[in-house]
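Chemist: Quick one: the structure is below, questions incoming.
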Amino acid sequence: MLSPVTDADGAPFWSYARQGELRVQACSDCGEPRFPPRPCCPHCQSFAAEWRRMEGHGRIWSYVLPHPPLLPDYAEQAPYNVVVVELADAPRIRLVGNVVAEAGARLDSVAPERIRIGARVQVVFTEDGLPQWVLERP
Amino acid sequence: MGGIKDATAIVGIGQTPFAKHLEEDERTLACRAVLAALDDAGIAPGEVDALASYTMEETDEVELAKAVGFGDLTFFSKVGYGGGGSCATVAHLAAAIASGQATVGVAWRSRKRGSGPRPWTNTTVQLPTPAQWTRPFGLLRPTDEIAMLTRRYMHEYGATRDHLFNVALACRNRANQNPAAVMYERPLTREMYMTARWISEPLCLFDNCLETDGALACVLVSAERARDCRQTPVYVHSAAQGLPAQHHGMVNYWNDDPLTGPAWAAARHLWKHADFTPQDVDVAQIYDAFTALIPLSLEGYGFCARGEGGAFTEQGALEIGGRLPLNTGGGGLSEAYVHGFNLVNEGVRQLRGTSTAQVPDAATCLVTAGEGVPTSALLLRS
C-alpha cells in the first residue's frame, strides 16, 4: 500500500492524524479554511496559518469503484471504494478516503451497494495514522 | 489592434501509423511525423525556426533539430499538463509568428503509450501535492480521478451511461470510416458498451481512451506566406489556454464548483476574440481521454447550458449530420491516443475538405485540449 509522500505544507495534517485528530489548515488572519494546505491564504494573502480541529463528520460527495489494472496491493482488494467526503464542519473542504467496516479494515470491507452519495460518515484512523471513514448508519 | 486572429495558418500536417505497438522508438517516430508535415506543406526543414511541444515530450528540440536538419531556431516552447497542452503548442507558435519572433513553426507529439509503461504505475515520481491526498486511498489513475467527477456529475444533473455511450459510439463510428484509426474495423454496439468490464465505476472500458504508439506534427506560417503554400490554409482564428482560479487538475474536488473546469476559462477568452459563436461551429474535435470529458466540455465551450451536456448527446447530435459532429477521425477513444494531437490534424483535414468523415462545407472547427487539467483550445477556420 502507498504511504502519503508528504511535503512541508501537508506534514502537519499527517502528524495530527497520527494522534487521531482531523485538522484542516485555516488562515489565522481571515479565518478561511483551505485544502490542500498551501503556503499562504488565497483570500487575504496572509502567511499566518493554524490547524483547526474538525469533528470528523461528513457526507459522501462522490465515490468510485476501481477495478484492475491497479497496483498489486490495491488489485488484491478490488473492487474497493474510494470516496470524497464533504466535511460537516467546513462544507467546501472535501477529503479523499475509503469507507471501511472499522478502523484499519480492508478497502473492500463494506459492500459497494452500501455506498451512496449523501450518506453520513465519521472519521476513524488506522494505526499508521491514515484517516478512514465509517458509515454513521450502517 | 494587432493580435493572432487569422494571422497564422496551419499549412502542413503529418503523422506516423497508429498501433498498440510500433517497432521504432519515439525519437524516430517524431522525426517521421515532422518530416511528413513539412513535406505536406512543401517547406524545407532548413526553413523551420520555431518549435513547440509538450513538457511530457521525450524527444527534445536539440535531438529533433539535429536529426531532421532544422536551421537556426529562434523560438521554442513546451507546454505542461499532458494532454492539456495540445492546442497550446499551436497557440504558442501562432503568437511567436504573429509577433515576429519566428516565421515557420513546427508543433509535434511522439509517444509510445501503447507499448510503453502506464505513467501511474511509476509511484516514485508522484508529486507530494496532490498525490499525498489521493494515492494512499487507491485513487491511483487518471480514470479514477475523472470517474469521481463523473459520478457527481451524473448525480447532480441526471446524466446517464447512455449519454456516455453516445460519445463512445460517435467516436467509434468515425473511426470505422478512417483507415488510419486503430479501431477502423471494430464496430461498437450498445450491448458491448453496457456489458463491458469496469475500469473505475461509473466508467467502463469504452469510456477510456486507447493506448497507442504514434506521432503527429503540424506546420504553421503567417497568413501571408500561407497563400503561397501547397495546401489550402487553415487559419488559427482564436486560441486560448485556461487555468481557472482555484483549479486542482484532475482531482478538482477542492473548490466551490468542481464540475466547472479549465474549459470555461479557455472558452471565455476564445469566444471573446472570435468573430463567431458556438452556434456557428460546423465540427468539433473535443479532447476525449474519457467520454465524460465531452459533456463537461460541451458546457464549458458554450454549446449548451450547465447540466445539459449529457442531454446534448441525444438524437445523434454528435454524429455526421447532427448538431455538432464530434471527433471525426475517431478521437482518442477510437483513432489514437497521442495526447490529443490527432484532434488538431483532424480539424485541419475537415477545413481542407479531406476528412474520411467529411462534414459538408465545414468552415469552422473547435479543437480542444484535455479538460480536467490546465487546458487550451483553438478555433480554426478555412
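Sequence lines, in order, name chains V and H.
Quick note on this note's numbering: the first sequence kicks off at 41 and runs consecutively.
Quick note on this note's numbering: the second sequence kicks off at 44 and runs consecutively.
Ideal Cβ positions, reconstructed from N, Cα and C, are used throughout, including at glycine.
Predicted model, so just to flag it, every value in this text is computed and none were measured.
1. At least one CB of chain V closer than 8 angstroms to the CB of isoleucine 293(H): is that the case?
2. Kindly indicate if chain V contains any beta-carbon less than 8 angstroms away from that of arginine 204(H).
3. Which residues in chain V have a C-beta closer than 7 angstroms to the C-beta of alanine 190(H)? List them in chain order.
4. Do alanine 420(H) and alanine 309(H) have their C-beta atoms closer together than 8 angstroms?
5. Relative to the C-alpha of arginine 75(H), which candidate in Leu376(H), Gly365(H) and Thr102(H) has its C-alpha closest?
6. Taking a contact to mean a Cβ-Cβ separation below 8 angstroms, would you say proline 321(H) touches tyrosine 296(H) in this structure?
7. Are the CB atoms of alanine 317(H) and serine 340(H) nearer to each other than 8 angstroms?
8. Report the residue from Ala260(H), Phe384(H) and Ala145(H) whose alpha carbon sits nearest the alpha carbon of aspartate 115(H).
9. Classify phenylalanine 87(V): buried if its beta carbon has 16 or more other beta carbons within 10 angstroms, exposed otherwise.
10. Going along chain V, which residues have a C-beta under 9 angstroms from histidine 382(H)?
11. Looking at chain V, is there any beta carbon in it that lies within less than 8 angstroms of the beta carbon of threonine 166(H)?
12. Looking at C-beta atoms only, is the number of pairs between the region 222–241 of chain H and the region 139–156 of chain V that lie closer than 8 angstroms three or more?
13. Can you pull out the residues from the region 66–86 of chain V whose beta carbon lies closer than 7 angstroms to at least one beta carbon of chain H?
14. Flag glycine 96(V) as yes if its beta-carbon sits less than 8 angstroms from any beta-carbon of chain H, otherwise no.
15. Tell me where the beta strand (DSSP E) around isoleucine 56(H) begins and ends.
16. Using three-state DSSP, classify isoleucine 189(H) as helix, strand or coil.
17. Short check: CB of leucine 263(H) to CB of valine 133(H), under 8 angstroms?
18. Out of His312(H), Gly143(H), Gly304(H) and Ala354(H), which one is the CA nearest neighbour of leucine 207(H)?
19. Do valine 279(H) and isoleucine 47(H) have their CB atoms nearer than 8 angstroms?
20. Of all Cβ atoms in chain C, is any one closer than 8 angstroms to the Cβ of leucine 182(H)?
21. On the DSSP bridge list, what partners appear for phenylalanine 208(H)?
22. Could you compute how far the alpha carbon of cysteine 261(H) sits from the alpha carbon of arginine 156(H)?
23. So who's on the other strand from alanine 62(H), going by DSSP bridges?
24. Helix or strand or just coil, what does DSSP make of glutamate 90(V)?
25. For the region 122–151 of chain V, which residues have a beta carbon sitting closer than 8 angstroms to at least one beta carbon of chain H?
26. If you measure from the beta carbon of glycine 169(V) to each beta carbon in chain H, is any gap under 8 angstroms?
27. Kindly say whether isoleucine 157(V), judged by its beta-carbon, lies nearer than 8 angstroms to any beta-carbon of chain H.
28. Short of 8 angstroms in beta carbon distance, which residues of its chain neighbour threonine 203(H), apart from the five on each side in sequence? Order them along the chain.
29. Can you name, in chain order, every residue of its own chain whose Cβ lies under 7 angstroms from the Cβ of histidine 64(H), other than the five neighbours on each side?
30. If you draw a straight line from the C-alpha of proline 112(V) to the C-alpha of alanine 84(H), how long is it?
31. Hey, does histidine 290(H) have any beta-carbon neighbour from chain V nearer than 8 angstroms?
32. Starting from the beta carbon of aspartate 250(H), find every residue of chain V whose beta carbon is closer than 7 angstroms, and list them in chain order.
33. Would you report the Cα separation of glycine 390(H) and alanine 131(H), rounded to the nearest angstrom?
34. So with CB distances below 8 angstroms, who are the chain V contacts of serine 158(H)?
35. Which ranges would you report for the alpha helix (DSSP H) in the region 225–279 of chain H if only whole runs of at least 4 residues count?
36. Beta carbon of proline 417(H), beta carbon of tyrosine 97(H): below 8 angstroms?
Modeler: Once the coordinates are examined:
1. Looking at the sequence itself, residue 293(H) is methionine, so the reference to isoleucine does not match. Not an interface residue.
2. No - not a single Cβ of chain V is within 8 angstroms of the one on arginine 204(H).
3. Val104
4. yes
5. Checking every option, the nearest Cα to that of arginine 75(H) belongs to Thr102(H).
6. no
7. no
8. Ala145(H)
9. exposed
10. Result: empty, since nearest Cβ-Cβ is about 20 angstroms, beyond 9 angstroms.
11. yes
12. no
13. Phe75, Pro76 and Pro82
14. Cβ-Cβ to chain H under 8 angstroms: no for glycine 96(V).
15. 51–58
16. helix
17. yes
18. Ala354(H)
19. With contacts defined as CB atoms closer than 8 angstroms, valine 279(H) and isoleucine 47(H) qualify as a contacting pair.
20. Chain labels in this structure do not include chain C; the protein chains are V and H.
21. Bridge partners of phenylalanine 208(H): none, in fact.
22. 20 angstroms
23. Asp256(H)
24. strand
25. Val122, Val124, Arg132, Ile133, Arg134, Leu135, Val136, Gly137, Asn138 and Leu147
26. Interface with chain H (8 angstroms Cβ-Cβ cutoff): glycine 169(V) is excluded.
27. yes
28. Met197 and Gly353
29. Gly157, Ser158 and Asp256
30. A straight-line Cα-Cα distance of about 48 angstroms links proline 112(V) and alanine 84(H).
31. no
32. Residues of chain V passing the Cβ test: none, with the nearest at roughly 12 angstroms.
33. 15 angstroms
34. What serine 158(H) touches in chain V: nothing, since even the nearest Cβ is about 15 angstroms away.
35. 233–237 and 266–269
36. no
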